[in-house]
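Peer 1: In this note's numbering, the protein residues as written are 1280 to 1690.
By construction, the Cβ of each residue, glycine as well, lies at the ideal position given by its N, Cα and C atoms.
What follows is the structure in structure tokens.
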């Protein structure tokens, strides 16, 4: 039995080492991308922001979309109910911005905003239904569609940076990602951030292995329409997985843009954290089953080896070889994993210099909570193996297949 441990321990040490090397490459990629000169490619674009309910800091998040350093663009806010609390928040924001614009004598940019109401979803996720409706209202001048989530807070150069890769017409899509930076440092919120961070570092220079994140995503209008993304969204819950699949099938590169990383400042409870992470893995189980299997195997391997190593150290007695191997395993995996966490956080500090102080405060949590994130991953994967039902923004869905969604209940 001890030889089984040796075998899997060697695999985990190797994978942890490779992960550290990946962290070094990740940081190098950030530095290279952030050192590039500012892009002058600024075509008229349509930003689509689906909303439901009022997120923590939502007013600031939406205001940041108006405050982009970009000459001319439109924002299409979309909800599915005029009685939704988000409706009045958006309406007031548009009204106040229009009033302020009229009072300015000189304007350096033009931002047009509209608020539309989508129909209630019947065979798709409500967010997807909102996106599909919003696209019908896009200005004819738009050369690209940009998608942003209401719980994501963008920096002032977010739009310019996200659109820049599309100057190359061979690019399929560009994407950013999220970083959870909770207002209060609670165990659940920081664990949620550590869990998400491991996914964030999967993006990088390799455009063939990148994936789209719907909270910060941009696609040329011509590519979007040629691939019939709106049609491909019909019957789905995950907008970004559907886009990623379309790009992969067409062999179009997905460019990750570090400058387009958005911060989510929401806090969560342990229950909410488990609900969020499990929902992500259930979606992965349906839309990217191979990735789900790899996550399952990886988290199971980590938990088995680390728990077994601790048990050997505690109960191994005078068995020098097993205890020594267990100690080496624990030290190696911990050192490589802590190094990866540090490099990943360092990359975020470079990408978000205005939040450096707040990000520094996450150092301890990022360097330790990966130990808890792996059991959470395993729990998520197991839960996804037994159920395809999830609740998102008040609506419960059953994911029958990548193209078939059943709405169980919702508001």
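Checking the sheet assignment: what are the DSSP bridge partners for residue 1496?
Peer 2: Within the chain shown, residue 1496 is the residue found at index 217, counting from 1. DSSP lists 1426, 1454 as partners of residue 1496.
Peer 1: Spatial neighbours of residue 1580 within its chain, please: C-beta separation below 8 Å, excluding the five flanking residues on both sides.
Peer 2: Reading the chain shown from its first residue, position 301 is the one you call residue 1580. Contacts found: 1287, 1290, 1291, 1294.
Peer 1: Here's the rule: buried if 16 or more other CB atoms are within 10 angstroms of the residue's CB, otherwise exposed. What is residue 1412?
Peer 2: The residue you call residue 1412 lines up with position 133 of the chain shown. When all chains shown are included, residue 1412 counts as buried.
Peer 1: Would you kindly check if the distance between the Cβ of residue 1502 and the Cβ of residue 1444 is under 8 Å?
Peer 2: For the purposes of this step, residue 1444 is taken as the residue at position 165 of the chain shown. For the purposes of this step, residue 1502 is taken as the residue at position 223 of the chain shown. The answer is no: Cβ separation not under 8 Å.
Peer 1: For residue 1317, does the three-state DSSP call read helix, strand or coil?
Peer 2: Residue mapping note: residue 1317 aligns to position 38 of the chain shown, counting from 1. In the structure shown, residue 1317 sits in coil (DSSP, three-state: anything other than H, G, I, E or B).
Peer 1: Have a look at 1573, 1671, 1639, 1536 and flag the residue whose alpha-carbon is nearest the alpha-carbon of residue 1311.
Peer 2: Position 32 of the chain shown, counting from 1, holds the residue named residue 1311. Looking at the Cα atoms, 1536 is the closest of the given residues.
Peer 1: Does the stretch 1566 to 1580 touch the stretch 1654 to 1661, meaning 3 or more C-beta pairs lie closer than 8 Å?
Peer 2: At 8 Å Cβ cutoff, the stretches touch.
Peer 1: Using the Cα positions of residue 1605 and residue 1511, report the straight-line distance between them to the nearest angstrom.
Peer 2: Looking up residue 1605 in the chain shown gives position 326. Looking up residue 1511 in the chain shown gives position 232. Cα-Cα distance, rounded: 49 Å.
Peer 1: Can you tell me the Cα-Cα spacing of residue 1299 and residue 1491, whole angstroms?
Peer 2: Along the chain shown, read from residue 1 onward, the residue named residue 1299 stands at position 20. Along the chain shown, read from residue 1 onward, the residue named residue 1491 stands at position 212. Distance between the alpha carbons of residue 1299 and residue 1491 is about 24 Å.
Peer 1: Measure the C-alpha to C-alpha separation of residue 1683 and residue 1509 and round it to an integer number of angstroms.
Peer 2: The residue you call residue 1683 lines up with position 404 of the chain shown. The residue you call residue 1509 lines up with position 230 of the chain shown. Each residue's alpha carbon lies about 15 Å from the other.
Peer 1: In this structure, does DSSP put residue 1466 in helix, strand or coil?
Peer 2: Within the chain shown, the letter at position 187 stands for residue 1466. Residue state, collapsed to three classes: helix.
Peer 1: Would you call the stretch 1633 to 1648 in contact with the stretch 1449 to 1457, where contact means no fewer than 3 C-beta pairs closer than 8 Å?
Peer 2: As far as the Cβ criterion goes, the stretch 1633 to 1648 does not touch the stretch 1449 to 1457, which means the pair count is below three.
Peer 1: Per DSSP, what kind of secondary structure is residue 1481 in: helix, strand or coil?
Peer 2: Sequence index remark: in the chain shown, residue 1481 carries index 202 (1-based). Coil, per DSSP.
Peer 1: DSSP three-state call for residue 1402: helix, strand or coil?
Peer 2: To locate residue 1402, count along the chain shown from 1; it is residue 123. Here residue 1402 sits in coil by DSSP.
Peer 1: List the whole-angstrom C-beta distance separating residue 1351 from residue 1388, where the pair is believed to meet the contact cut-off of C-beta under 8 Å.
Peer 2: Here residue 1351 refers to the residue found at position 72 when the chain shown is read from its first residue. Here residue 1388 refers to the residue found at position 109 when the chain shown is read from its first residue. That pair is a contact at about 6 Å.
Peer 1: I'd like the list of long-range same chain contacts for residue 1472, defined as Cβ closer than 6 Å, with 5 residues on each side in sequence excluded.
Peer 2: The sequence position of residue 1472 within the chain shown is 193, counting from 1. Here the set comprises 1459.
Peer 1: With C-beta atoms as the reference, is residue 1532 less than 8 Å away from residue 1450?
Peer 2: Here residue 1532 corresponds to residue number 253 of the chain shown, with the count starting at 1. Here residue 1450 corresponds to residue number 171 of the chain shown, with the count starting at 1. Yes.
Peer 1: In the DSSP output, which residue or residues are listed as bridge partners for residue 1676?
Peer 2: Your numbering for residue 1676 matches position 397 in the chain shown. In DSSP, residue 1676 forms a bridge with 1669, 1686.
Peer 1: Kindly provide the ranges of any alpha helix (DSSP H) runs that are 4 or more residues long and lie completely inside the stretch 1595 to 1625, ordered along the chain.
Peer 2: Listed in chain order, there is nothing to give.
Peer 1: Opposite residue 1369 in the DSSP bridges: which residues?
Peer 2: For the purposes of this step, residue 1369 is taken as the residue at position 90 of the chain shown. For residue 1369, which the question treats as bridged, DSSP gives no partner whatsoever.
Peer 1: Rounding to the nearest angstrom, what Cα-Cα distance links residue 1314 and residue 1664 in this structure?
Peer 2: Within the chain shown, the letter at position 35 stands for residue 1314. Within the chain shown, the letter at position 385 stands for residue 1664. Between residue 1314 and residue 1664, the C-alpha separation is close to 43 Å.
Peer 1: Compare the Cα-Cα distances from residue 1447 to each of 1422, 1329, 1565, 1461 and report the closest residue.
Peer 2: Your numbering for residue 1447 matches position 168 in the chain shown. The candidate whose alpha carbon is nearest that of residue 1447 is 1422.
Peer 1: Could you tell me the alpha carbon to alpha carbon distance between residue 1583 and residue 1282, rounded to whole angstroms?
Peer 2: Along the chain shown, one-based indexing puts residue 1583 at 304. Along the chain shown, one-based indexing puts residue 1282 at 3. Approximately 14 Å between the Cα atoms of the pair.
Peer 1: Touch check for the stretch 1419 to 1434 and the stretch 1604 to 1622: three-plus C-beta pairs under 8 Å?
Peer 2: No, because fewer than three Cβ pairs between the stretch 1419 to 1434 and the stretch 1604 to 1622 fall closer than 8 Å, the two stretches do not touch.
Peer 1: Considering only the alpha carbon of each residue, which of 1610, 1574, 1568 lies closest to residue 1588?
Peer 2: Residue 1588 sits at position 309 when you count from the first residue of the chain shown. Selected option, being the one with the closest Cα: 1610.
Peer 1: When you compare only the Cα positions, how much space is there between residue 1478 and residue 1301?
Peer 2: Residue numbering aside, residue 1478 sits at position 199 when the chain shown is read from its first letter. Residue numbering aside, residue 1301 sits at position 22 when the chain shown is read from its first letter. Computed Cα separation, rounded: 13 Å.
Peer 1: On the DSSP bridge assignment, give the partners of residue 1324 in chain order.
Peer 2: Taking the chain shown and counting its residues from 1, one reaches residue 1324 at position 45. Residue 1324 is bridged to 1352, 1423.
Peer 1: So if DSSP puts residue 1389 in a beta bridge, which residue, or which two residues, is it bridged to?
Peer 2: Here residue 1389 refers to the residue found at position 110 of the chain shown. Residue 1389 is bridged to 1351.
Peer 1: Do residue 1407 and residue 1359 count as a contact pair if the criterion is CB distance below 8 Å?
Peer 2: In the chain shown, counting from the first residue as 1, residue 1359 sits at position 80. In the chain shown, counting from the first residue as 1, residue 1407 sits at position 128. In this structure, residue 1407 does not lie closer than 8 Å to residue 1359 by Cβ.
Peer 1: Output yes or no for whether 8 Å exceeds the beta carbon distance between residue 1232 and residue 1343.
Peer 2: No answer is possible for residue 1232: it lies beyond the span of the chain, which begins at 1280 and ends at 1690.
Peer 1: Taking the straight line between their C-alpha atoms, what separation do you get for residue 1586 and residue 1400?
Peer 2: Your numbering for residue 1586 matches position 307 in the chain shown. Your numbering for residue 1400 matches position 121 in the chain shown. Their backbone Cα atoms lie some 45 Å apart in a straight line.
Peer 1: As a quick exercise: from 1499, 1453, 1513, 1498, pick the residue whose alpha carbon is nearest that of residue 1485.
Peer 2: Stepping through the chain shown from its first residue, residue 1485 is reached at position 206. Minimum Cα distance to residue 1485 is reached at 1453.
Peer 1: Please classify residue 1303 as buried or exposed, where buried requires at least 16 neighbouring CB atoms within 10 angstroms.
Peer 2: Here residue 1303 refers to the residue found at position 24 when the chain shown is read from its first residue. Exposed.
Peer 1: Look at the alpha carbon of residue 1285 and the alpha carbon of residue 1608, and state the distance between them as a whole number of angstroms.
Peer 2: By one-based count along the chain shown, residue 1285 stands at place 6. By one-based count along the chain shown, residue 1608 stands at place 329. Looking at the two C-alpha atoms, the distance is approximately 9 Å.
Peer 1: In chain order, which continuous runs of the beta strand (DSSP E) of length 3 or greater are located wholly inside the stretch 1560 to 1596?
Peer 2: Segments of the beta strand (DSSP E) lying fully in the stretch 1560 to 1596: there are none.
Peer 1: Between residue 1393 and residue 1522, what straight-line distance do the alpha-carbon atoms span, to the nearest angstrom?
Peer 2: Counting from one through the chain shown, the residue named residue 1393 turns up at place 114. Counting from one through the chain shown, the residue named residue 1522 turns up at place 243. Cα-Cα distance, rounded: 25 Å.
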